[in-house]
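To start, the structure itself, in structure tokens.
In our numbering, the protein residues as written are 847 to 1054.
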């Protein structure tokens, strides 16, 4: 990451949301901070529902010149006019997805805590690598992506790196020198009505 650039915020939408979220709540948040990318975080197996949410997210994102990506469902990228896909399974399928979507699409890969998996994903054609969580929780067997992982990546690999999962204001401040982006999602939505103010705090911490 260039020393003269501050890390940017990559915002993940809620896992559960009403369609009205994209026309009411989300625009207010986007006014609180500069967002580099929006990812549809909706958890659903209903393609019709996914498509409706993606359409709504695309409209608000593209109106602000913000790229919009979707979790895993790469075959919906082109039909829905999205900018790309975020894969949660590391390097798997990245090469095939890149071949199908072409060079212009954004293809990202979440690689857990493994630098090796990250390198494989990069070689397969990923545009960015995501490591995390950065704080242990009940879902990850205590494994975390430590500062050293991000530091090593920023020193030896040019591919952008994202920190995601368990982010706090202090964690963001610590990792800011070695991460290109911070993927914020549940950290923000758990704040309820205070979500805009909290997002503004994260933005200030990165740009202060």
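Glycine included, each C-beta is placed from N, C-alpha and C at the ideal position.
Computed from a prediction, not measured in an experiment: that's the story for all the values here.
1. Is the number of C-beta pairs between the segment 919-939 and the segment 956-970 that are closer than 8 Å three or more?
2. Can you give me the C-alpha to C-alpha distance between residue 905 and residue 1041, rounded to a whole angstrom?
3. Tell me whether the beta-carbon of residue 1098 lies closer than 7 Å to the beta-carbon of residue 881.
4. In this structure, what does DSSP give as the bridge partners for residue 933?
5. My output table needs one value for residue 897: the three-state DSSP class, helix, strand or coil.
6. Tell me the rounded alpha-carbon separation between residue 923 and residue 873.
7. Check whether the Cβ atoms of residue 887 and residue 870 sit closer than 7 Å, and answer yes or no.
8. Identify the continuous alpha helix (DSSP H) that holds residue 981 and give its terminal residues.
9. Could you name the residues that DSSP lists as bridge partners for residue 1009?
10. What's the C-alpha gap between residue 974 and residue 1052?
11. Tell me where the beta strand (DSSP E) around residue 882 begins and ends.
12. Could you check the C-alpha separation between residue 980 and residue 1010 for me, to the nearest Å?
13. Straight-line CA distance for residue 943 to residue 921?
14. Taking the alpha helix (DSSP H) that residue 993 falls in, what are its first and last residues?
15. Please classify residue 848 as buried or exposed, where buried requires at least 16 other C-beta atoms within 10 Å of its C-beta.
16. Identify the residues that DSSP records as bridge partners of residue 856: which are they?
17. Closest to residue 989 by CA distance: which of 977, 1049, 998, 997 is it?
18. Exposed or buried, residue 865, counting other C-beta atoms within 10 Å across all chains shown (16 or more means buried)?
19. Can you check which of these residues, 876, 1050, 899, 960, is closest to residue 917 by C-alpha distance?
20. For residue 960, does the three-state DSSP call read helix, strand or coil?
21. Tell me whether residue 1053 sits in a helix, a strand or coil according to DSSP, three-state version.
The short version:
1. Yes: the two stretches touch, three or more of their Cβ pairs being nearer than 8 Å.
2. 21 Å
3. It is not possible to answer for residue 1098, since the shown part of the chain is limited to 847 through 1054.
4. 955
5. helix
6. Taking the straight line from one Cα to the other gives about 22 Å.
7. no
8. That residue, residue 981, is in no alpha helix (DSSP H); it is neither H nor E in DSSP.
9. 977, 1028
10. 19 Å
11. 881-886
12. 7 Å
13. 9 Å
14. 993-1002
15. Legend: pLDDT at residue 848 = 35, less than 50; position of this residue unreliable, no value from coordinates given.
16. 883, 1029
17. For residue 989, the closest C-alpha among the options 977, 1049, 998, 997 is that of 977.
18. Taking all protein chains shown into account, residue 865 has fewer than 16 neighbouring C-beta atoms within 10 Å of its C-beta and is therefore exposed.
19. 899
20. Judged by DSSP in its simplified three-state form, residue 960 adopts coil rather than helix or strand.
21. helix
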